[in-house]
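**Q**
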Amino acid sequence: MLPLDFIRRHPDEVRRAARLKGETAPVDEILDLDRRWREATTRAERSRAEQNALSKEFARTREQALIPRMRELAESVKRSSAEADELRRRLDELLLVVPNVFHESVPVGETADDNVVVREWGTRPSFDFTPRTHYEIGEALDIMDFERASRVAGSRFAFLKGQGARLERALAQFMLDLHTREHGYVEVLAPFLVNTASMLGTANLPKFGEDAFRVEGHDLWLIPTAEVPVTNLHREEILDGARLPLNYVAYSPCFRSEAGAAGKDTRGYVRLHQFSKVELVKVVEPERSLAALEELTGHAEEVLRRLGLHYRVLVMCSGDLGFAQYKKYDLEAWCPGLGRYLEVSSCSVFNDFQARRANLRYRPAPGEPPRYVHTLNGSGLALARTIDAVLETYQRADGTVVVPEVLRPYMGGCELIGAA
RNA sequence: GGGGAGGUGGCUGAGCGGUCGAAAGCGCCCGCCUGCUAAGCGGGUAGGGGGUGUUGAGCUCCCUCGAGGGUUCGAAUCCCUCCCUUCCCGCCA
19 MLPLDFIRRH PDEVRRAARL KGETAPVDEI LDLDRRWREA TTRAERSRAE
69 QNALSKEFAR TREQALIPRM RELAESVKRS SAEADELRRR LDELLLVVPN
119 VFHESVPVGE TADDNVVVRE WGTRPSFDFT PRTHYEIGEA LDIMDFERAS
169 RVAGSRFAFL KGQGARLERA LAQFMLDLHT REHGYVEVLA PFLVNTASML
219 GTANLPKFGE DAFRVEGHDL WLIPTAEVPV TNLHREEILD GARLPLNYVA
269 YSPCFRSEAG AAGKDTRGYV RLHQFSKVEL VKVVEPERSL AALEELTGHA
319 EEVLRRLGLH YRVLVMCSGD LGFAQYKKYD LEAWCPGLGR YLEVSSCSVF
369 NDFQARRANL RYRPAPGEPP RYVHTLNGSG LALARTIDAV LETYQRADGT
419 VVVPEVLRPY MGGCELIGAA
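All the letters of the first sequence, read from the start, carry residue numbers 19 to 438 under the numbering used here.
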């Protein structure tokens, strides 16, 4: 969330950012509640100060004549602070729904069409036959099964089988090895269920609860991304500045209700209620966060380059930025069968927006006061859509699929999927 | 699921109605001392909020001893509820 005094000082900037993100921010209500809360607080504290003073005197003198006044004060403190607490509670609620501001380098725009391509890598592969979609390939090779998945779980689920399942496992391992061995990330296996406080910490709540699955009868949510448990890993802590930056990589399933996506991407292994992802999370000093975003994005790109997949990088316009994001790049891999790019990674910096919510701080040097860290995360990469791009890019006329070289060691040396 | 123990500052840990935001130790910071290092000596060192003010000084008030309620003029200390940790038993991959 944004600091209250920032909203006090720059209400117009907060309003503008919200508008350009296509969100709303209850700035006027906040300013009004803030003023009333401070008044009530001052009143409560005055009474409390007198109460404390008299209480000390009473402890010393046992002067019974003080008691009536002290009773009065106790009553008055109770009343004023209840009022202040109630105002503060409403204020905090509103603060949680104010979207983050964004960096000046973010292009102003409304829809995905206003996102700007910042670079491309590779070229679209050409075929001397009509390339098939990944789901045509996958079903023909019997390595993807959507029909049975819908009977077992419902729509937007899939089975991977045989070399398909193996391929996803190989990709996960390849990515984890790359990020841990060459990019300096620490591997984390996180809880796949988290509590409400953690969902609030990363700003998946309170506004986006309908996008997540909740476990009935428990204060637990299925994680929509490993970002949630991993960013919250050090919640309520004051980290030693010398330990920063923290770099974590986590493989996990992700569960999403896709509530707002009815009718969208209904075919194929593209938009599922459950998919797997290798997620990168960085916790850095505030001064380094924009540079860290470039670094993180580069780490995700490296996966695509080694897989030999044509891709492009887009900087998201204001309207396509999430509620909490300060700046975001999307990585899109080309899928020749679908004939379009699929988003396989989203790399974002949040500044201290999540850190405030999760109370995630560090001490720059011994003796110095704590500061909020900056948090970042990005997929490195989403496995489902990466498989799609691999199948479609490396398909052959006979329906088999060449295994990209970097994956072969993880596939037991297998070079071709679907060979008889 | 049943029973026991416990949650206090960056850490360990005392306190068990007022003199406690809290002993002691560790760590850390500043200074002194020893030719360097180690040791020693002195001082300092929780987080958050309000007001005022400076603008990253200060002054002042308030809150916080897992969370929330209650008793009391007054709660880290007493009572209730909840959460979490840990140990033993049961169950279980």
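The beta carbon of each residue, even a glycine, is placed where N, CA and C say it ideally should be.
Note that the structure is a prediction, hence the values are computed from the model and not measured.
(1) Could you have a look at GLY396 and say whether DSSP puts it in helix, strand or coil?
(2) Apart from the five residues just before and just after TRP55, which ones in its own chain have a Cβ nearer than 8 angstroms to its Cβ?
(3) Can you tell me whether LEU339 is helix, strand or coil according to DSSP?
(4) So within the region 69-111, which uninterrupted alpha helix (DSSP H) runs reach at least 4 residues, ignoring any that extend past its ends?
(5) Assign SER168 to one of two classes, buried (16 or more other C-beta atoms within 10 Å of its C-beta) or exposed (fewer than that).
(6) In or out: VAL419 buried (at least 16 other Cβ within 10 Å) or exposed?
(7) Take every Cβ of the region 277-287, pair it with every Cβ of the region 299-313, and state whether three or more of those distances are shorter than 8 angstroms.
(8) Apart from the five residues on each side of it in sequence, which residues of its chain come closer than 7 angstroms, Cβ to Cβ, to ARG414?
(9) Can you say whether VAL296 is buried or exposed, counting buried as having 16 or more other CB atoms within 10 angstroms of its CB?
(10) Assuming LEU399 and MET193 form a contact by the criterion Cβ under 8 angstroms, report the distance between their Cβ atoms to the nearest whole angstrom.
(11) Alpha carbon to alpha carbon, how far is ASN133 from THR404?
(12) Closest to ASP30 by CA distance: which of GLU90, VAL119 and ALA92 is it?
(13) What are the start and end residues of the alpha helix (DSSP H) that includes ASP195?
(14) Hey, quick one: how far does the alpha helix (DSSP H) through ARG324 stretch, first residue to last?
(15) Determine the direct distance from the alpha carbon of ALA383 to that of SER510, and round the result to whole angstroms.
(16) Of the residues PRO387, GLU41 and ARG27, which one's Cα is nearest the Cα of ASP258?
(17) Which residues mark the beginning and the end of the alpha helix (DSSP H) in which GLN372 is found?
(18) Taking the C-alpha atoms as reference points, what is the distance between TRP239 and GLU245?
(19) Using the rule of at least 16 other Cβ atoms within 10 Å of the residue's Cβ for burial, across every protein chain shown, is SER123 buried or exposed?
(20) For ALA351, does the three-state DSSP call read helix, strand or coil?
(21) Apart from the five residues on each side of it in sequence, which residues of its chain come closer than 8 angstroms, Cβ to Cβ, to ALA190?
(22) Between the C-alpha atoms of TYR380 and GLU254, what's the straight-line distance to the nearest angstrom?
(23) Taking 6 angstroms as the limit between beta carbons, can you name the residues of its chain near VAL362, skipping five residues before and five after?
(24) On a CA-only basis, which of ARG78, ILE241 and MET334 is nearest PHE226? Give me that one, please.
(25) Relative to the C-alpha of TYR203, which residue among ARG187, VAL248, ALA183 and VAL136 is closest?
(26) Measure how close the beta-carbons of LEU159 and GLY417 come, nearest whole angstrom, since I'm counting them as under 8 angstroms.
(27) Should LYS300 and LEU264 be called a contact, given that it needs their Cβ atoms to be closer than 8 angstroms?
(28) Can you check whether the CB of PRO271 is closer than 8 angstroms to the CB of PHE210?
(29) Is ASP237 helix, strand or coil when you go by DSSP?
(30) Pull up the CB-CB distance for LEU327 and HIS197, whole angstroms please, since I reckon it's below 8 angstroms.
(31) Should the region 332-344 be called in touch with the region 368-376, which here means at least 3 C-beta pairs below 8 angstroms?
(32) In whole angstroms, give me the CA-to-CA distance for PRO427 and ASP195.
(33) Please classify GLY316 as buried or exposed, where buried requires at least 16 neighbouring CB atoms within 10 angstroms.
(34) Would you please state the rounded distance, in angstroms, between the beta carbons of GLY286 and ASP406? I believe it to be under 8 angstroms.
(35) In terms of DSSP beta bridges, what is ALA402 paired with?
**A** Concretely, from the data shown:
(1) In the structure shown, GLY396 falls within a strand segment according to DSSP collapsed to helix, strand and coil.
(2) The beta carbon of TRP55 sits closer than 8 angstroms to those of ALA102, LEU105, ARG106 and LEU109, all from its chain and outside the five residues before and after it, given in chain order.
(3) Of the three classes helix, strand and coil, the one that applies to LEU339 here is coil, per DSSP.
(4) Listed in chain order, nothing qualifies, since the region 69-111 has no complete alpha helix (DSSP H) run of 4 or more residues.
(5) exposed
(6) buried
(7) no
(8) VAL420
(9) buried
(10) 7 angstroms
(11) 21 angstroms
(12) Nearest of GLU90, VAL119 and ALA92 to ASP30, Cα basis: VAL119.
(13) Its alpha helix (DSSP H) spans residues 180-195.
(14) 307-325
(15) A query on residue 510 cannot be resolved here, the shown segment of the chain reaching from 19 to 438 and no further.
(16) PRO387
(17) First-last of the alpha helix (DSSP H) with GLN372: 371-376.
(18) Using only the alpha carbons, I get a separation of about 13 angstroms.
(19) Counting Cβ neighbours within 10 Å, SER123 comes out exposed, since fewer than 16 surround it.
(20) strand
(21) TYR269, SER294, VAL296 and LEU401
(22) 10 angstroms
(23) Around VAL362: LEU349, ALA351, LEU399, ALA400, ARG403 and THR404.
(24) Considering only ARG78, ILE241 and MET334, the residue with the shortest C-alpha distance to PHE226 is ILE241.
(25) VAL248
(26) Correct: roughly 7 angstroms between the Cβ atoms.
(27) yes
(28) Contact flag set, yes.
(29) coil
(30) About 17 angstroms separates the two Cβ atoms, so there is no contact after all.
(31) Yes, the region 332-344 is in contact with the region 368-376.
(32) 12 angstroms
(33) Looking at its Cβ environment, which holds fewer than 16 other Cβ atoms inside 10 Å, GLY316 is exposed.
(34) Yes, they are in contact, since the Cβ atoms of GLY286 and ASP406 sit about 7 angstroms apart, within 8 angstroms.
(35) For ALA402, which the question treats as bridged, DSSP gives no partner whatsoever.
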